[in-house]
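Counting from 1 along the sequence shown, just add 14 to a position and that's the residue number in this note's numbering. Note that beta-carbon positions come from the ideal geometry of N, C-alpha and C, so glycine has one too. Contents: one structure, followed by commentary.
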Amino acid sequence: MFRLGSIYFNGNGVEKNTVLGLQYLDHAAKSGNKYAKITMAGIYSNGDNEFYDMNKAIRLYKDCAENENEPDTFSMYRLGAIYLKGKGVEKDIELGLHYLNNAIDGGNSFAKITLADFYADSTHDMYDIAKAIQLYKDCAE
Numbered sequence: 015m016f017r018l019g020s021i022y023f024n025g026n027g028v029e030k031n032t033v034l035g036l037q038y039l040d041h042a043a044k045s046g047n048k049y050a051k052i053t054m055a056g057i058y059s060n061g062d063n064e065f066y067d068m069n070k071a072i073r074l075y076k077d078c079a080e081n082e083n084e085p086d087t088f089s090m091y092r093l094g095a096i097y098l099k100g101k102g103v104e105k106d107i108e109l110g111l112h113y114l115n116n117a118i119d120g121g122n123s124f125a126k127i128t129l130a131d132f133y134a135d136s137t138h139d140m141y142d143i144a145k146a147i148q149l150y151k152d153c154a155e
């Protein structure tokens, strides 16, 4: 179902049908497919499409990030970025840092870059260029 959903949603080799694609993805997600959940969360968090719904995106990302058997660091990274920037939700720096640090602990380099960018931004009280530089160096290694 996940692959069918991706094929129809993106129009890969078939006529693009986003509604049908999303139905297949939803079916796969409800069956527990992590990749379908992450794909749907990406669709819902994209403000450039008709399916934008940040609440649904956050719910799906949380479901993957907080999975007891297999916590997903990409979902942690996405949640961290969403809360840190206040994208479609009220900004919550503490929660954003929580998710980013958990993603980093799990080896997610995207989270490390996002956190470095946060510390390199001098427009807030948590500006710390030394931390930013160290995180950037860690990513380069």
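The criterion of a C-beta distance shorter than 7 Å is not satisfied by Ala125 and Leu149. Residue Asn69 holds the alpha-carbon nearest to the alpha-carbon of Gly102 among Lys30, Asn69, Met54, Leu111. A residue is called buried once 16 or more other Cβ atoms fall within 10 Å of its Cβ, and Ile143, having fewer, is exposed.
Excluding sequence positions up to five before and after Tyr49, its CB lies within less than 7 Å of the CB of Phe16, all in the same chain and listed in chain order. Residue ranges of uninterrupted alpha helix (DSSP H) with 4 or more members, entirely inside the stretch 40-119 and ordered along the chain, are 48-59, 68-79, 87-99, 107-119. Between Ala146 and Ala134, the gap from beta carbon to beta carbon is short of 7 Å. In the DSSP assignment, Lys126 falls within the unbroken alpha helix (DSSP H) covering 123-134.
With contacts defined by Cβ atoms closer than 7 Å, Tyr97 and Gly110 form a contacting pair.
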